[in-house]
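Quick notes on the structure that follows.
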Amino acid sequence: MKSETIEVSRAELLKEMENTKRHMIRLKSDLDKAEAEVAKVKEELNRVKHYSEIAETFVQEGGKGEKLYTIKTRQEAAVSELNSVREEIKSLKEECTNLVKERETFVAKAEEAILASKKAEKMVEELNEELDNVRKPLEVATAAKLKAEEGKIAAGLAKDEENLMWEKEMKEAEEELRQLGIQIASAKEVEVKLEAATGLLENLNAELEVYIEKINQENEGIDSEEAEMKREELLESTRKELEEVKAQIEKVQGEVNDVQVEICSLQKEVGKEKTKLSKMQQREELASVATSSLKTKIEKTKEQIDVCIEKEKEAKRKIVELPNLIEEATLEAVKSNMVARDAEDKLNKAKAETDSVHISLKTAEMKMNATMKEIEA
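Everything in the sequence shown is counted per the working numbering, starting at 106 for the first residue and increasing by one.
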């Protein structure tokens, strides 16, 4: 607002300077005309002087009659014209003097206006420099704040994206763990079946041995050939059953091995997922630290902006309060002088009273000495 007022004042000042220049040009033209008139009058004076010399020549030569009268008449007219010309010259000189004074006045005013314009320009430049000095750190702090906020937003978006990925990977890991649990339960069930089949095989072997022993006891009295045939048939059927049971056991054992291999693979996958999870947690911690650092930078930038704004307000307040401060300082100086004068007056009074007391003491001392002398006498 103040710079706009200064610009308006400067424009008015430049306008006044232009008017002054035009007026000076007009005055110079008038002065040139006046000087031309003066030259013309001087020429007329020279002509009149010439006529006067001719008249005096005729008088000296003793010319009489009408010629003499004519010459005298011309002389009187020339003298009258000379007087009027002198008056006109005097008037022109006065007018020229006034014009010169007026020109000098306008020149002085123009110089003052130019000086005031230069001072105003210098003041405007100083104010602009001061505003630039305040504006530059303010712009830097604002840019830093915007950059920090952009970084904060980017960090927030990256953190949200990582959180989404982390949640997705966690869900996938949970699903894989659930499948692994199902497969482990299935493997345990197969192991239970394997144990049951193994127990059944052992029971069958025991029963087979008991049965063979029983048959041997029953067939001791039967024909050996027939008993041998029955024994072989029974052994063959028992062998087939055992082979079927073994085949089932091997099949179950293969399934158990496959499940164990798959369990190992899943355990490796779980380890990898745990590693990924740990890395994601570390990245999250780093992102949290970066976010905290950005928040700190933003706070510092805000503090710097607040400091710059306070400095700008303080500078404006000082500019506004400067006249009041000068007036207050002047009043304080006047008051201080008055207080000093009052103190000086009081000091002088105190000195006077002290001198009076000293005189009274000396008088009393002299009287006392005189009284003592009288007493001694």
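Note that the Cβ used here is the ideal one computed from N, Cα and C, for glycine as well. In this text, all values refer to a predicted model and were calculated from it rather than measured experimentally.
- Between LYS381 and GLU274, the gap from beta carbon to beta carbon is short of 8 Å.
- Between the beta-carbon of THR401 and that of ALA249 there is about 13 Å, and that puts the pair past the 8 Å contact cut.
- When Cβ pairs closer than 8 Å are counted between the two stretches, the segment 383–392 is seen to touch the segment 262–273, the count reaching three or more.
- As the crow flies, the alpha-carbon of VAL394 is around 58 Å from that of ALA301.
- 8 Å or more divides the Cβ of GLU255 from the Cβ of ILE403.
- Taking ASN362 as reference, the option from LYS293, GLY286, ILE287, GLY261 with the minimal CA-CA separation is LYS293.
- LEU305 and GLU314 have their C-alpha atoms roughly 14 Å apart.
- Per the coordinates, the alpha-carbon of CYS369 lies some 28 Å from the alpha-carbon of VAL350.
- Rounded to the nearest whole angstrom, the CA to CA distance from LEU251 to LYS276 is 37 Å.
- Just so you know, the alpha carbons of GLU307 and GLU338 end up roughly 21 Å apart.
- Rounded to the nearest whole angstrom, the C-alpha separation of GLN288 and ARG344 is 34 Å.
- For GLU367, same chain residues with a beta-carbon under 8 Å away, outside a window of 5 residues either side, are GLN288 in chain order.
- Closest option to GLY286, judged by alpha-carbon separation, among LEU391, GLN365, LYS418: GLN365.
- Taking the Cα positions, GLN358 is about 15 Å away from GLU348.
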